[in-house]
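Novice:
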Amino acid sequence: MEPDPVQLEWRQRSLNQTRLAFGQALQCLAGRDDRTVVISADTQDLLGIRSFRAAFPDRFIELGIAEQNAIGVASGLATTGMRPYVCAYAPFITARSMEQVRNDVAYARQRVVIGAAASGITLGVAGGTHHALEDIALMRCLPNMTVVVPADVEEAYFATLATQDIDGPVYMRLGGRVEEPSVSHVDGDFQVGKAVRLRDGNDVAIIACGALVAMAVQASDALRKSGIDARVINMHTIKPLDEDAILEAAADTGRIVTAEEHRLTGGLGGAVAELLSTRLPTRMHMIGMPDEFGIVGPTPEVRARYGLSTEAIVHACESVLGRGDGYDPGAR
Amino acid sequence: MNSDKGNARLLDVLEDRARQVRRDVWRALRAGGSGHAGGSCSAADLLAALYFHRLNVRPDDPDWPDRDRFVLSKGHANAALVSVLVRAGFVPESLLDSFYAFESPFGMHPDIKMAGVEMCTGALGHGLPIGVGMALGSRLRQQSFHTFVLLGDGELHEGSNWEAAMAASHYRLGRLTAIVDCNRIAQSGPVSELMSIEPLAAKWQAFGWSVVEIDGHDMNEIVTALDSVPCEEDRPTAILAHTVKGKGVSFAEDTHVWHSNAVDDETYAKALRELEN
Chain A
514 MEPDPVQLEW RQRSLNQTRL AFGQALQCLA GRDDRTVVIS ADTQDLLGIR
564 SFRAAFPDRF IELGIAEQNA IGVASGLATT GMRPYVCAYA PFITARSMEQ
614 VRNDVAYARQ RVVIGAAASG ITLGVAGGTH HALEDIALMR CLPNMTVVVP
664 ADVEEAYFAT LATQDIDGPV YMRLGGRVEE PSVSHVDGDF QVGKAVRLRD
714 GNDVAIIACG ALVAMAVQAS DALRKSGIDA RVINMHTIKP LDEDAILEAA
764 ADTGRIVTAE EHRLTGGLGG AVAELLSTRL PTRMHMIGMP DEFGIVGPTP
814 EVRARYGLST EAIVHACESV LGRGDGYDPG AR
Chain B
31 MNSDKGNARL LDVLEDRARQ VRRDVWRALR AGGSGHAGGS CSAADLLAAL
81 YFHRLNVRPD DPDWPDRDRF VLSKGHANAA LVSVLVRAGF VPESLLDSFY
131 AFESPFGMHP DIKMAGVEMC TGALGHGLPI GVGMALGSRL RQQSFHTFVL
181 LGDGELHEGS NWEAAMAASH YRLGRLTAIV DCNRIAQSGP VSELMSIEPL
231 AAKWQAFGWS VVEIDGHDMN EIVTALDSVP CEEDRPTAIL AHTVKGKGVS
281 FAEDTHVWHS NAVDDETYAK ALRELEN
């Protein structure tokens, strides 16, 4: 069968970067719904929305480097029935304009979608001021908020399209200028709040989000060679959390490893621990950024430095199974 | 206005409404045991003129898409807003006695769930960005409603206001009007001592806005200003309304003590005596 040219186009333009897939999806949404409006905070290249601007100039609003205003304006637009998508830097749109997100969007329950690029340490070389390692915690503690962390361009694209059916505010956590390998195989069928099992296994379950999903799959494949069957769950939606998938994994395996590009405080691991500690206490190991600010460096190396790697996930799984060599991926 | 006589009658009616707002504010504060008398009463004349003269709204259809939008950015003046919503017929009068009550929709700050309230405000520096969004939405949806945002002068310390001011003139939002209730006093003392905002008119002008300065207690000046916006078709307008904090009750006027204060039965009786004269 001939490939669909529209499909081909967004894939090619996304360059395996979730931030760009979000921008491509906005064009599709704008074609479907004339209430779609895009807000830029001097982020036209960051989210690849110059082509959106060219195609829908009337529905493109550049607001400059002013995140607080961007969120307030989005809220005001939403009250008039428009469907705003705010394109922004994850570290700034969450921390700097947190009060606007909380009051104007979450509390006021306005249907605003925040596309937050450069999350985690995808701007590794930019240093700690530009790493977004607490954004999941900030966003998921807000009532009414949906928090989605796509693992690759397919998931970013189809998750963004799926926001069309979400009535309240959404935080879409996107990467930076880092290519993420294709792992989700979402193929058009993205369901908000429904985790996806990518590998079967009953010895241990790895629950991951974002860039760590591909590493989790690689870790599972490596572990299988040494006789360990590690289930892999792509927890693309942090809120609402797919509690059933987590409880089932805990019941089936008794051992959970979480993996995320976020500080260990309050992220995916925290969400899983909150659930399991009260419902089904389970031995856990959490992979994520320790309680410190990140160093400067290329993203893959900085990730590895803090134990965000396939090897670290393998060791964590062996460790919770009591089969490890005592290696602690978090220790340096 | 058709005639001087008609104008005089309108002003009489609006002044009467403003007195009612002040009585309602004190009534609510007594019910709640305390509240923001100062900033509510400085804004009473402005709110009366907006709701009983200028705003095109439908109390029996509060979500009518073409309605004019009003955002009370200085949300601590909620008692004055709820008064005009009551008197306009959006919500029942009994609400005035539920101020601060358990599970009441009438708390210290506006609640978007209450009929006629456009946004939950009160954290300062939020209303103007939201108003910019509403004005942009009006344009995108090819509607012609006007958006008014009422701000405090102390509130202008918040930088987000100036981000929004920049955006409003950049996008030539003629159908956006900011009204600043310049009562000169914030919670701790005079605005000028806390952090000077002068020259205020020049600031708005420098941000690309038309500026009108009025006496915020002179109903004729208020009505004239509200009727004149937009001053220029492709520019937002800032109405700087010079007011007296706590206006109408001598012991509450022009003092930060009455930014927010306790109100017992005796205090209420004293206030009401002045407002009934």
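Respectively, the protein sequence lines represent chains A and B. If you're matching positions, the first sequence starts at 514 in this note's numbering and goes up one per residue. If you're matching positions, the second sequence starts at 31 in this note's numbering and goes up one per residue. Heads up, the beta-carbon is just placed ideally off N, CA and C, and yes, glycines get one too.
1. Taking just the CA atoms, how far does A:I606 sit from A:G689?
2. To which residues of the same chain is A:G843 closer than 7 Å at the C-beta, ignoring the five residues directly before and after it?
3. Leaving out five residues on either side along the sequence, give the residues of the same chain with a beta carbon under 6 Å from the beta carbon of A:R526.
4. Between the region 159-174 of chain B and chain A, which residues of the former have CB atoms less than 8 Å from a CB of the latter, in chain order?
5. In this structure, how does DSSP classify B:T267 when only helix, strand and coil are distinguished?
6. Output yes if chain B places a C-beta closer than 8 Å to the C-beta of A:T607; else output no.
7. Quick one: any contact between the region 185-195 of chain B and the region 125-143 of chain B, if contact means 3 or more CB pairs under 8 Å?
8. Just to check my reading of the structure: A:A554 and A:I578 have Cβ atoms closer than 8 Å, yes? What is that Cβ distance to the nearest angstrom?
9. Please give me, in chain order, every unbroken run of the beta strand (DSSP E) with length at least 3 that falls completely inside the region 132-176 of chain B.
10. Where does A:E756 fall in DSSP's three states?
11. Using a threshold of 8 Å, state whether the C-beta atoms of A:V661 and A:V683 are closer than that.
12. Tell me whether B:V293 sits in a helix, a strand or coil according to DSSP, three-state version.
13. Counting only C-beta atoms, is B:S190 closer than 8 Å to chain A at any point?
14. Rank B:N37, B:V121, B:K277, B:V287 by C-alpha distance to the C-alpha of B:R88 and give the top, closest one.
15. Compile a chain-ordered list of the residues in the region 95-119 of chain B whose CB is closer than 9 Å to at least one CB of chain A.
16. Is it true that the CB of B:C71 sits closer than 8 Å to the CB of B:V287?
17. If you measure beta-carbon to beta-carbon, which residues of the region 586-613 of chain A are closer than 9 Å to chain B?
18. Kindly indicate which residue of A:L687, A:F569, A:R776 has the alpha-carbon position closest to the one of A:R545.
19. Assign B:R47 to one of three DSSP states: helix, strand, or coil.
20. For A:D713, tell me which candidate among A:A729, A:C722, A:L789, A:K707 has the shortest Cα-Cα distance.
21. Determine which residues of the region 138-161 of chain B have a Cβ less than 7 Å from any Cβ of chain A, and write them out in chain order.
22. According to DSSP, is A:P694 helix, strand or coil?
23. Does DSSP put A:T659 in a helix, in a strand, or in coil?
24. Do the region 588-602 of chain A and the region 158-170 of chain B touch if we need at least three Cβ pairs shorter than 8 Å?
25. Under 7 Å Cβ to Cβ from A:F671, same chain only, skipping five residues before and after it: list those, please.
26. With a threshold of 8 Å, are at least 3 pairs of Cβ atoms found where one atom belongs to the region 647-661 of chain A and the other to the region 771-778 of chain A?
27. Could you pull the start and end residues of the beta strand (DSSP E) that A:H798 belongs to?
28. Does A:D617 come within less than 8 Å of chain B when only Cβ atoms are used?
29. Please name the residue in A:D680, A:E756, A:P518, A:I808 whose C-alpha comes closest to that of A:V785.
30. Secondary structure at A:H775, three-state DSSP: helix, strand or coil?
31. Please work out which residues of its chain come closer than 6 Å, Cβ to Cβ, to B:V210, disregarding the five sequence neighbours upstream and downstream, and give them in chain order.
32. Consult DSSP for A:R524 and reduce its assignment to one of helix, strand or coil.
33. What distance in whole Å lies between the Cβ atoms of B:G204 and B:E263, which are believed to be in contact at a cut-off of 8 Å?
34. Looking at C-alpha atoms only, which residue of A:I759, A:G767, A:T593, A:G628 is the closest neighbour of A:L788?
35. Just grab the DSSP bridge partners of B:I215 for me.
36. For A:I584 and B:Q235, I'd like the C-alpha separation in whole angstroms.
Specialist: Let's see:
1. When the Cα atoms are used, A:G689 and A:I606 turn out to be separated by approximately 15 Å.
2. Annotation note: pLDDT 47 at A:G843 (below 50); position unreliable, coordinate value reported separately. Result list for A:G843: P803, G820, in chain order.
3. Closer than 6 Å at Cβ, skipping near neighbours: Q537.
4. Within the region 159-174 of chain B, the qualifying residues are P159, I160, G161, V162, G163, M164, A165, L166, G167, S168, L170, R171, Q173.
5. Correct three-state label for B:T267: strand.
6. Taking 8 Å as the CB threshold, A:T607 stays off the interface with chain B.
7. Here the region 185-195 of chain B does not lie against the region 125-143 of chain B, with fewer than 3 beta-carbon pairs under 8 Å apart.
8. Right, the Cβ-Cβ distance comes to about 6 Å (below 8 Å), so this counts as a contact.
9. Correct list: empty.
10. Looking at A:E756 - three-state DSSP - the assignment turns out to be helix.
11. Their beta carbons are under 8 Å apart, which means A:V661 touches A:V683 by this criterion.
12. Residue state, collapsed to three classes: coil.
13. Using beta-carbon distances, B:S190 counts as an interface residue toward chain A, with a partner under 8 Å.
14. Nearest C-alpha to B:R88 among B:N37, B:V121, B:K277, B:V287: B:V121.
15. Those would be P95, R99, V101, in chain order.
16. No, these two residues do not count as a Cβ contact at 8 Å.
17. For the region 586-613 of chain A, the set of positions with a beta-carbon nearer than 9 Å to some beta-carbon of chain B reads V586, A587, S588, G589, L590, A591, T592, T593, G594, M595, P597, S610, E612, Q613 in chain order.
18. Checking every option, the nearest Cα to that of A:R545 belongs to A:F569.
19. Here B:R47 sits in helix by DSSP.
20. Distance from the Cα of A:D713 is smallest, within the candidate group A:A729, A:C722, A:L789, A:K707, for A:A729.
21. Against chain A - using a Cβ distance shorter than 7 Å - the residues of the region 138-161 of chain B are I142, E148, M149, C150, A153, H156, P159, I160, G161.
22. A:P694 falls in the coil class under three-state DSSP.
23. Strand at A:T659.
24. Three or more Cβ pairs closer than 8 Å define a contact, and the region 588-602 of chain A meets that threshold against the region 158-170 of chain B.
25. Contacts found: V699, G701, F703.
26. Two segments are said to touch when three or more pairs of C-beta atoms, one from each, lie closer than 8 Å; by this definition the region 647-661 of chain A touches the region 771-778 of chain A.
27. Per DSSP, A:H798 belongs to the beta strand (DSSP E) from 796-802.
28. The C-beta of A:D617 comes closer than 8 Å to at least one C-beta of chain B.
29. Closest option to A:V785, Cα to Cα, is A:E756.
30. DSSP places A:H775 in strand when its eight states are reduced to three.
31. Taken in chain order, the residues that qualify are L181, D183, L270.
32. Here A:R524 sits in helix by DSSP.
33. The Cβ separation is near 5 Å, so the contact holds.
34. Comparing Cα positions, the closest option is A:I759.
35. B:I215 pairs with B:P220.
36. Separation of A:I584 and B:Q235 (C-alpha to C-alpha, rounded to the nearest whole angstrom) is 25 Å.
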